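Colleague: One structure follows; several queries about it will come next.
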Amino acid sequence: MYGCCNGSLAMKKFTNGKQDHPRVAQLYRQSFWNLLGTTAVLSFTHVGWGDEEAKQVATVLASGALRALTSLLLSANDIGDQGMRALATAIEDADLPQLTRVDVADKPRASAEAAAAVQAAVTAQIWRLQSAHIRAAA
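Per the working numbering, residue 2 is the first one in the sequence shown, and the count goes up by one each step.
Structure (structure tokens):
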């Protein structure tokens, strides 16, 4: 996630040749992180994400870039215990002042313990959350 743009830029041509690549990569990266700072809703439901993708989301949550995030919607994916625990840690530790809704329900691979970890993280932030939907495998 943090290396965005570098690989795809290597195949692009610029006026000053390859010497523009570092500058353009820096501008893309800066624009990307600035845009994240204005993002209110992350909605990635029913997209087949697993633990690795959940860990990447957790990394971005923990970065502090999502200061305007109000809703985190990751339901109906294939996130297991590792991904759920990473999300739990990020939700509990991150500075997400606008977050009011978390939905990580319908995780067939997540254990009750991993769901409880997310629930505990949400509970720690409950003073500002209006909605939390968390459920382990049936």
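Each residue gets a CB set at the ideal place from its N, CA and C atoms; glycine is no exception.
Computed from a prediction, not measured in an experiment: that's the story for all the values here.
Is there contact between the segment 48 to 62 and the segment 16 to 34, where contact requires at least three CB pairs shorter than 8 Å?
Modeller: no
Colleague: Hey, G42 and N78: beta-carbon distance below 9 Å or not?
Modeller: The sequence shown places Val at residue 42, not Gly. Contact: no.
Colleague: Please state whether DSSP places S9 in a helix, a strand or coil.
Modeller: DSSP places S9 in helix when its eight states are reduced to three.
Colleague: So which of V61, Q120 and G81 has the shortest CA-CA distance to W50?
Modeller: G81
Colleague: How close, in whole Å, do the beta carbons of A66 and L37 come, if the pair is a contact with beta carbons under 8 Å?
Modeller: Between A66 and L37 the beta-carbon gap is near 4 Å, inside 8 Å, which marks them as a contact.
Colleague: Tell me which same chain residues have a C-beta within less than 6 Å of the C-beta of A89, skipping the five on either side of it?
Modeller: A118, V119 and A122
Colleague: Looking at the structure shown, is D79 part of a helix, part of a strand, or coil, going by DSSP?
Modeller: coil
Colleague: Pull up the distance between the alpha-carbon of Q99 and that of N17, whole angstroms please.
Modeller: 42 Å
Colleague: Where do the ends of the alpha helix (DSSP H) carrying V123 lie?
Modeller: That run of the alpha helix (DSSP H) goes A113 to A125.
Colleague: For a test of the three-state rule: what should DSSP assign to D21, helix, strand or coil?
Modeller: DSSP places D21 in the helix class (H, G or I) of the three-state scheme.
Colleague: What's the C-alpha gap between Q20 and F33?
Modeller: Rounded to the nearest angstrom, the two C-alpha atoms are 21 Å apart.
Colleague: So, helix, strand or coil for L43, using DSSP?
Modeller: Correct three-state label for L43: strand.
Colleague: For the beta strand (DSSP E) that contains V103, what are its first and last residues?
Modeller: R102 to D104
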